[in-house]
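Engineer:
Residue numbers (this note's numbering): 7 to 249.
1) Three or more beta-carbon pairs under 8 Å between the region 91 to 111 and the region 223 to 239, yes or no?
2) By Cβ distance below 7 Å, which residues in the same chain neighbour residue 142 in space, the five residues on each side in sequence not counted?
3) Answer with buried or exposed for residue 221, where buried requires no fewer than 16 other C-beta atoms within 10 angstroms of its C-beta.
4) Apply the 10 Å Cβ neighbour rule to residue 31 and answer buried if 16 or more other Cβ atoms are within range, or exposed otherwise.
5) One question on the structure: do residue 189 and residue 213 come within less than 8 Å of each other, judged by their Cβ atoms?
6) Please give the ranges of any beta strand (DSSP E) in the region 23 to 78, keeping only runs that are unbroken, at least 3 residues long and fully inside the region.
7) Would you kindly work out how many angstroms separate the C-alpha atoms of residue 67 and residue 208, rounded to a whole number?
8) Counting Cβ pairs closer than 8 Å, one from the region 101 to 111 and one from the region 54 to 61, do we hit at least three?
9) Assuming residue 183 and residue 9 make a contact with CB atoms under 8 Å, what is their CB distance in whole Å?
10) Leaving out five residues on either side along the sequence, give the residues of the same chain with a beta carbon under 7 Å from the beta carbon of residue 153.
11) Would you identify the three-state DSSP class for residue 89, choosing helix, strand or coil?
12) Can you list, in chain order, the stretches of the beta strand (DSSP E) that have 3 or more residues and sit fully within the region 191 to 249?
13) If we ignore side chains and look at the alpha-carbon of each, how far apart do residue 95 and residue 144 end up?
14) Could you work out which residue in 21, 11, 7 is closest to residue 226 when comparing CA atoms only?
15) For residue 243, which residues in the same chain have their Cβ closer than 8 Å to its Cβ, ignoring the five residues on either side in sequence?
16) Assuming the contact rule is C-beta atoms closer than 8 Å, residue 7 and residue 113 should be a hit. Round their C-beta distance to whole Å, please.
17) Have a look at residue 58 and residue 45 and give me their C-alpha separation to the nearest angstrom.
18) May I ask which residues mark the beginning and end of the beta strand (DSSP E) holding residue 153?
19) Which residue or residues does DSSP assign as beta-bridge partners of residue 9?
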């Protein structure tokens, strides 16, 4: 049996959002109008300056790409995804990159489970030698996108992971001593499935869940990772890791 390790990608291994990088690359290639491109740029600056919420900024990003999806050839999206990974794929967190290499050395089956699009998440996962990648899938009809999703990952990580285990019994995966790492509320259901859950740079919702369940919390700042452990809502600094 092979032990399983599951990694969220955006904000967990990759220092930003693959999906957002992809949309902005598509923007730079002229697939959006000048007004739409300017609106995206202004929304990004407003979010950085804390003048608008992450939710509002992300909604605009998703709404813009969805509106134009049927006009973008899958090949063009693939090319944009390749360019993003070539340009920005090195922007990773030290703690999770080190953990991934350690688990790979120990023989773990490493699965990337990402809410970003399969076209870009898979290329990023290949760069870091994941065994497999499950990500969001745009529905296709022939050589075109329909504008719909055939697989949504956000909010469905537990059921997707359960389905993956059921569909890949020939690999002999086990949840004994399994590991999962995530950074947001959407990762909670995935973390609940494994023996060694890690909340990495957690959102407030994930931190609350980690405190409730006594999960390990890791906060990376500059070149140091601070590992916090505890129970009953009380955490202490267990160790630090420098890289």
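The beta-carbon is built from N, C-alpha and C at its ideal position, and this holds for glycine as well.
Structural biologist: The structure says:
1) yes
2) 121, 122, 123, 124, 155, 157, 158, 159
3) Buried is the call here.
4) buried
5) The Cβ atoms of residue 189 and residue 213 do not sit closer than 8 Å to each other.
6) none
7) 22 Å
8) no
9) By a beta-carbon distance limit of 8 Å, residue 183 contacts residue 9. Their separation comes to about 5 Å.
10) Closer than 7 Å at Cβ, skipping near neighbours: 72, 75, 76.
11) helix
12) 202 to 206, 222 to 227, 230 to 237, 240 to 248
13) 22 Å
14) With distances taken between Cα atoms, residue 226 lies closest to 21.
15) So the list reads 232, 233, 234, once near-sequence residues are dropped.
16) About 11 Å; that fails the 8 Å criterion.
17) 13 Å
18) 150 to 157
19) The secondary-structure analysis by DSSP pairs residue 9 across a beta bridge with 180.
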